[in-house]
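Peer 1: Attaching a single structure in structure tokens format; questions to follow.
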Ligand SMILES: *Cc1c(COP(=O)(O)O)cnc(C)c1O
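In the working numbering, the protein residues as written are 19 to 238.
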């Protein structure tokens, strides 16, 4: 089923939009099935889980980190991932920059926006993005490549639209600043229930789990 699900989504995606399989809790076998169907980006929320999968799957896909990165996991994360989508503080950026410098690796990053302004959520507020980006532009081992948002989890996919619109607005504004070293290229937004709306509002990476792999056990 995984192969069919992934192929169906890939067939329907407009040109220029990439499918990222959100792989939390999935086995290597399941992830490989998605890769065989044509999925090129693996999204992982946990460094430890990614490490196990990476040992088996390696560079058959690009690895994106979409969870909350802890300081003590940075070294491993730098080794595994091709992009960190969830950068949301100067402190984390400095730690990551240090970790990347030690490995001699330049890491593409997305800034995570808390578009729903939810207190318990990670990410920076829309109005804080510009200040953060300017502060980060001096760091040599990270490269800002765009924005990512989750948005509030809602029952009705249409309810997610305003948060995608808001994120796209910030994306365009950052692009218009023409800051050196900053390339606003990727806009990562939309999940299983909301990705079609996210694409309508400008997403070019969609992160999809359940619609590829089926319901998660444990409901996380
Ligand atoms: C799990 C997850 C997704 C995908 O969620 P689904 O509803 O299973 O498609 C997307 N983004 C992040 C950050 C996630 O943790």
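All C-beta atoms in this analysis are idealised placements derived from N, C-alpha and C, irrespective of residue type, glycine included.
Quantities reported herein were computed from a predicted structural model and do not represent experimental measurements.
By Cβ distance, which residues of its chain are closer than 7 Å to residue 186, with the 5 residues on each side in sequence left out?
Peer 2: Taken in chain order, the residues that qualify are 205, 219, 220.
Peer 1: When you compare the CB positions of residue 49 and residue 24, do they come within less than 8 Å of one another, or not?
Peer 2: Contact: no.
Peer 1: Please confirm whether any heavy atom of ligand 1 lies closer than 7 Å to the CB of residue 167.
Peer 2: Because no heavy atom of ligand 1 lies under 7 Å away, the Cβ of residue 167 does not count as near it: no.
Peer 1: Relative to the C-alpha of residue 139, which candidate in 130, 123, 213 has its C-alpha closest?
Peer 2: Out of 130, 123, 213, 130 has the C-alpha closest to the C-alpha of residue 139.
Peer 1: Residue 136 and residue 170 look like a contact to me (Cβ under 8 Å); what is the Cβ gap, rounded to whole Å?
Peer 2: Confirmed, Cβ separation roughly 6 Å.
Peer 1: May I ask you to list the residues that DSSP assigns as paired with residue 206?
Peer 2: Bridge partners of residue 206: 166, 223.
Peer 1: State the start and end residues of the unbroken alpha helix (DSSP H) segment that holds residue 231.
Peer 2: Start and end: 228-231.
Peer 1: Using the DSSP secondary-structure output, state which residues sit across from residue 81 in a beta bridge.
Peer 2: 60, per the DSSP bridge assignment.
Peer 1: CB residue 184 to CB residue 215, shorter than 8 Å?
Peer 2: It is not a contact, given that the beta carbons lie outside the stated cut-off.
Peer 1: Looking only at DSSP bridge pairs, what is residue 151 linked to?
Peer 2: Answer is none; residue 151 lacks a bridge partner.
Peer 1: Going by C-alpha distance, which of 167, 21, 208 is nearest residue 189?
Peer 2: When only C-alpha atoms are compared, the closest one is 167.
Peer 1: Per the contact definition of three or more C-beta pairs closer than 8 Å, is the region 219-233 in contact with the region 193-200?
Peer 2: No: fewer than three Cβ pairs fall under 8 Å.
Peer 1: How should residue 109 be labelled, buried or exposed, when 16 other C-beta atoms within 10 angstroms of its C-beta is the threshold for buried?
Peer 2: Exposed is the call here.
Peer 1: Could you give the DSSP three-state label for residue 103: helix, strand or coil?
Peer 2: If DSSP states are grouped into helix, strand and coil, residue 103 belongs with the strands.
Peer 1: Would residue 113 and residue 84 qualify as a contact pair, given that the criterion is a beta-carbon distance under 8 Å?
Peer 2: No, the pair does not count as a contact, with Cβ atoms beyond the cut-off.
Peer 1: In the DSSP assignment, what are the bridge partners of residue 125?
Peer 2: Its beta-bridge partners are 160.
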